[in-house]
Amino acid sequence: MQDLSPHTPDSPTSGARAGIGGDACLVDGCDTLPKLFLHRCRTLGGRTAHREKHLGIWKSHSWAEFLDAARAIGLGLAALGLERGGVVSVLSEDNKEWIYADLGIQCMGGIVSGIYPTDSAEQVAFLLRHSGSRFLIAENAEQLDKFLEIRDRVPEILKCIVLDSEGLHDFADAQVLFLDELYETGRLEHERDARRFERETAASRPDDVAVLIYTSGTTGRPKGAMISHRNILVSATTCQRVLTTREGDEQLCFLPLCHVLERLVSVFVPILAKSVVNFAESIETVFDNLREVSPASFTAVPRVWEKIHSRVSVMAAEATPAGRWAYDRALACGMARAEYLTGGRKVPWGLEARFRFWDRLVLANLRRMIGLDRARHIATGAAPISPDLVKWYWAIGLAMLEGYGQTESSGILSVNLPDRNRIGSVGPVVPGVELKIGPDGEILARGPVVFKGYWNDRETTARTVRDGWLHTGDVGRTDDDGFLWITGRIKDIIITAGGKNVSPAGIENMVKFSPYVADAIVVGDRRRYLTALILIDRENVERFAQENRVPFSDFASLCAAPPVRELVRTEVEAVNARLASVEQVKDFRLLDILLTAEDDELTPTMKLRRRHVERKHKRLIEEMY
Numbered sequence: 000m001q002d003l004s005p006h007t008p009d010s011p012t013s014g015a016r017a018g019i020g021g022d023a024c025l026v027d028g029c030d031t032l033p034k035l036f037l038h039r040c041r042t043l044g045g046r047t048a049h050r051e052k053h054l055g056i057w058k059s060h061s062w063a064e065f066l067d068a069a070r071a072i073g074l075g076l077a078a079l080g081l082e083r084g085g086v087v088s089v090l091s092e093d094n095k096e097w098i099y100a101d102l103g104i105q106c107m108g109g110i111v112s113g114i115y116p117t118d119s120a121e122q123v124a125f126l127l128r129h130s131g132s133r134f135l136i137a138e139n140a141e142q143l144d145k146f147l148e149i150r151d152r153v154p155e156i157l158k159c160i161v162l163d164s165e166g167l168h169d170f171a172d173a174q175v176l177f178l179d180e181l182y183e184t185g186r187l188e189h190e191r192d193a194r195r196f197e198r199e200t201a202a203s204r205p206d207d208v209a210v211l212i213y214t215s216g217t218t219g220r221p222k223g224a225m226i227s228h229r230n231i232l233v234s235a236t237t238c239q240r241v242l243t244t245r246e247g248d249e250q251l252c253f254l255p256l257c258h259v260l261e262r263l264v265s266v267f268v269p270i271l272a273k274s275v276v277n278f279a280e281s282i283e284t285v286f287d288n289l290r291e292v293s294p295a296s297f298t299a300v301p302r303v304w305e306k307i308h309s310r311v312s313v314m315a316a317e318a319t320p321a322g323r324w325a326y327d328r329a330l331a332c333g334m335a336r337a338e339y340l341t342g343g344r345k346v347p348w349g350l351e352a353r354f355r356f357w358d359r360l361v362l363a364n365l366r367r368m369i370g371l372d373r374a375r376h377i378a379t380g381a382a383p384i385s386p387d388l389v390k391w392y393w394a395i396g397l398a399m400l401e402g403y404g405q406t407e408s409s410g411i412l413s414v415n416l417p418d419r420n421r422i423g424s425v426g427p428v429v430p431g432v433e434l435k436i437g438p439d440g441e442i443l444a445r446g447p448v449v450f451k452g453y454w455n456d457r458e459t460t461a462r463t464v465r466d467g468w469l470h471t472g473d474v475g476r477t478d479d480d481g482f483l484w485i486t487g488r489i490k491d492i493i494i495t496a497g498g499k500n501v502s503p504a505g506i507e508n509m510v511k512f513s514p515y516v517a518d519a520i521v522v523g524d525r526r527r528y529l530t531a532l533i534l535i536d537r538e539n540v541e542r543f544a545q546e547n548r549v550p551f552s553d554f555a556s557l558c559a560a561p562p563v564r565e566l567v568r569t570e571v572e573a574v575n576a577r578l579a580s581v582e583q584v585k586d587f588r589l590l591d592i593l594l595t596a597e598d599d600e601l602t603p604t605m606k607l608r609r610r611h612v613e614r615k616h617k618r619l620i621e622e623m624y
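Using numbering that gives the first Met the number 0, read the sequence shown as starting at 0 and increasing by one per residue.
Written out as structure tokens, the structure reads:
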């Protein structure tokens, strides 16, 4: 087995005194996130913790408000019957109340389990039953309807608390109460015993389960990963050491808080760093909110980065001849500079001078246009990304850092750094984590970030963590400089009829780099050659069709139009020219349906469920063979 030891030197956590020794983790003398949260609220008081839009205006909410609301929720739930170790599920889009509930429940010794708001009523029923939840916090009438539909199947639920009462003013149900009522109950409990919340918070222990994070279920039923207080604090501290968030930094929260990545960067790290979290109004307004906030750092999944690149590429193509010429020259200069930066070499002064000229003339305006003009760095995770796309961001003056982690590793195992970066890799191992490559190429990890196991599933836990090593299911390699390279998922490796092993992820990322492609799945296991199912980018392809007078009436007719198919074929052939013969996509079909997170084919974090897509579109696949 190959051993990969961390090469990143330990450094103090910005804004906090932190230390990791063995499995111990202390931040400002606190060994759990609830204790640190209480300490932060006491010391920061009236300073801004969160911002949220109300009637089109950004409103600030302080750390004192954070404490008051979290305490009221925690004590209110305790008065209603929440016990230490009890599970509370949260079914809501991102908002400050989600985070208030998260910390209030954790401080009272409860366990928080997030449910994606796009989940169906049937999925909600499964998660409530599996987690043994006693309470459900639902965002609004839409989410309440799901509970009312399945409540006879979840008799363990004592109460459903609704955050937003709009449209429910005449609604009354003995099992349902509204957030204001819970606040009132909690504040009365605080008046009765003013020290209870502090006592319960002080009773939190590093090895206690803090949260359940259910896997997205790309390969089967979701599994509830048990993340401990120690896991959280170590992961957040590690993330802060390598991707420093400064005190007062502005951040934008928009990915589902059920997901480990967003929970880490928008809940856990901000408490360590004393940063300010802004909540996007919705997934549809993310790009507008990004421009409004202009965060100091921004972490997103590849689909978001692909969309930004796609928009810029199309805008550049539509610019005046002079504008296109300036963009092309600026990008070429940025690409040359990126080669030096990502290779760890000093940029020649002449090249740097040319870049500064083009930066002032073109690229600074481009970064301002997409809302990243103040970003010190940007990060991508949760799924593979095209190396060409990463290099494009470096070329326009944004240090994009790709990292690697899993729900089962509490969020982070390795990450590239601004001054130690290798495009295509997922960086060196973070401090405190051991990685090694197994005989079959599987990446194994050990350290205090490894989760406690799956909730009520000892058998799967035993298969996943063996002798202290987390078996990630990912295949990878390490280079001589300590960088980790992911080559695919063990379950996704394609073995062609000729016996060649092919990892589809890299090919898919190359195809998705096209501004006209939103997603792709490469198939070909036990087949003579590879083919692909491709989902076009609706916005950009519609613009192409309009400019070229291609008639269409809906998305299906757009996909069926011969010029559109020829457009995609050209993009696929450009990718094939860079691949070995066995890796080339010999044929493809366009998926003529628009996918959203509500669809079974897509996870809430916008990843295609490979097996589900292949089963559902088996007829299209067979046509290609």
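Think of the CB as a built atom: it goes at the ideal place given N, C-alpha and C, for glycine as much as any other residue.
With distance defined between alpha-carbon atoms, name the residue in the options nearest to residue i.
{"i": "Val432", "options": "Val26, Arg577, Ile411 and Ala318", "result": "Ile411"}
{"i": "Met225", "options": "Ser296, Asp207 and Pro514", "result": "Asp207"}
{"i": "Arg367", "options": "Ser203, Ala299, Lys499 and Ser293", "result": "Ser293"}
{"i": "Asp372", "options": "Pro514, Leu529 and Ala398", "result": "Ala398"}
{"i": "Glu64", "options": "Ala77, Ala295, Lys617 and Leu102", "result": "Leu102"}
{"i": "Asp465", "options": "Arg290, Gly481 and Gly437", "result": "The sequence shown places Arg at residue 465, not Asp. The shortest C-alpha separation from Arg465 is found at Gly437."}
{"i": "Gln583", "options": "Ile493, Gly55 and Asp144", "result": "Ile493"}
{"i": "Trp391", "options": "Thr406, Asn420 and Gly333", "result": "Gly333"}
{"i": "Gly131", "options": "Leu147, Arg41 and Gly113", "result": "Gly113"}
{"i": "Asp491", "options": "Arg608, Gly402 and Glu249", "result": "Arg608"}
{"i": "Pro205", "options": "Leu90, Val448, Ile592 and Trp97", "result": "Val448"}
{"i": "Val153", "options": "Cys159, Leu127 and Val161", "result": "Leu127"}
If you measure between the beta carbons of residue i and residue j, is that distance less than 8 Å?
{"i": "Leu157", "j": "Gly80", "result": "yes"}
{"i": "Val414", "j": "Leu242", "result": "yes"}
{"i": "Ile485", "j": "Val425", "result": "yes"}
{"i": "Leu529", "j": "Ala519", "result": "no"}
{"i": "Ile110", "j": "Gly75", "result": "no"}
{"i": "Val313", "j": "Arg542", "result": "yes"}
{"i": "Ala77", "j": "Tyr99", "result": "no"}
{"i": "Pro255", "j": "Tyr403", "result": "no"}
{"i": "Met509", "j": "Ser385", "result": "yes"}
{"i": "Thr47", "j": "Val275", "result": "yes"}
{"i": "Val540", "j": "Tyr515", "result": "yes"}
Can you have a look at residue i and say buried or exposed, based on whether 16 or more other CB atoms are within 10 angstroms of its CB?
{"i": "Thr471", "result": "buried"}
{"i": "Asp163", "result": "buried"}
{"i": "Lys511", "result": "buried"}
{"i": "Trp348", "result": "exposed"}
{"i": "Lys306", "result": "buried"}
{"i": "Glu190", "result": "exposed"}
{"i": "His129", "result": "buried"}
{"i": "Ala331", "result": "exposed"}
{"i": "Ser281", "result": "exposed"}
{"i": "Trp57", "result": "exposed"}
{"i": "Asn547", "result": "exposed"}
{"i": "Arg488", "result": "buried"}
{"i": "Pro427", "result": "buried"}
Report yes or no: is there a C-beta of chain D within less than 8 Å of the C-beta of residue i?
{"i": "Trp97", "result": "The chain inventory of the structure shown lacks chain D, comprising one protein chain alone."}
Roughly how far, in whole angstroms, is the beta-carbon of residue i from the beta-carbon of residue j, given that I think they are within contact range, below 8 Å?
{"i": "Ser88", "j": "Asn230", "result": "Wrong, their Cβ atoms sit about 20 Å apart, outside the cutoff."}
{"i": "Leu35", "j": "Ile369", "result": "Wrong, their Cβ atoms sit about 34 Å apart, outside the cutoff."}
{"i": "Ser61", "j": "Gly44", "result": "7 Å"}
{"i": "Asp536", "j": "Ala559", "result": "The pair is not a contact, with the Cβ atoms about 16 Å apart (cut-off 8 Å)."}
{"i": "Ala329", "j": "Arg323", "result": "Contact flag wrong, Cβ pair sits at about 11 Å."}
Quick check: what's the CA-CA separation for residue i versus residue j?
{"i": "Val521", "j": "Ile506", "result": "7 Å"}
{"i": "Gly396", "j": "Ala325", "result": "16 Å"}
{"i": "Leu590", "j": "Arg344", "result": "43 Å"}
{"i": "Gly21", "j": "Gly452", "result": "Reliability fails at Gly21, whose pLDDT of 43 lies under 50, so the model's placement of it is uncertain and the value that follows must be treated cautiously. Cα to Cα, the separation comes out at about 20 Å."}
{"i": "Arg198", "j": "Arg133", "result": "22 Å"}
{"i": "Ala382", "j": "Val300", "result": "7 Å"}
{"i": "Phe551", "j": "Glu565", "result": "15 Å"}
{"i": "Ala335", "j": "Asp553", "result": "42 Å"}
{"i": "Pro649", "j": "Arg462", "result": "Lying outside 0 to 624, the shown extent of the chain, residue 649 is not represented and no answer is given."}
{"i": "Gly31", "j": "Leu232", "result": "According to the sequence displayed, residue 31 carries Thr and not Gly. Their Cα atoms are separated by approximately 6 Å."}
{"i": "Thr217", "j": "Ala295", "result": "With a pLDDT of 47 at Thr217, under the threshold of 50, the modelled position of that residue is not reliable, and the figure given next carries that caveat. When rounded, the distance between both Cα atoms is 32 Å."}
{"i": "Leu143", "j": "Glu621", "result": "42 Å"}
{"i": "Ala193", "j": "Ala235", "result": "30 Å"}
{"i": "Ala496", "j": "Val549", "result": "39 Å"}
{"i": "Arg50", "j": "Leu260", "result": "20 Å"}
{"i": "Arg525", "j": "Asn500", "result": "10 Å"}
{"i": "Lys615", "j": "Lys585", "result": "21 Å"}
Between residue i and the ligand COA, is there a pair consisting of the residue's CB and a ligand heavy atom that are separated by less than 7 Å?
{"i": "Gly85", "result": "Ligands in the displayed structure: none, and consequently the ligand COA is not present."}
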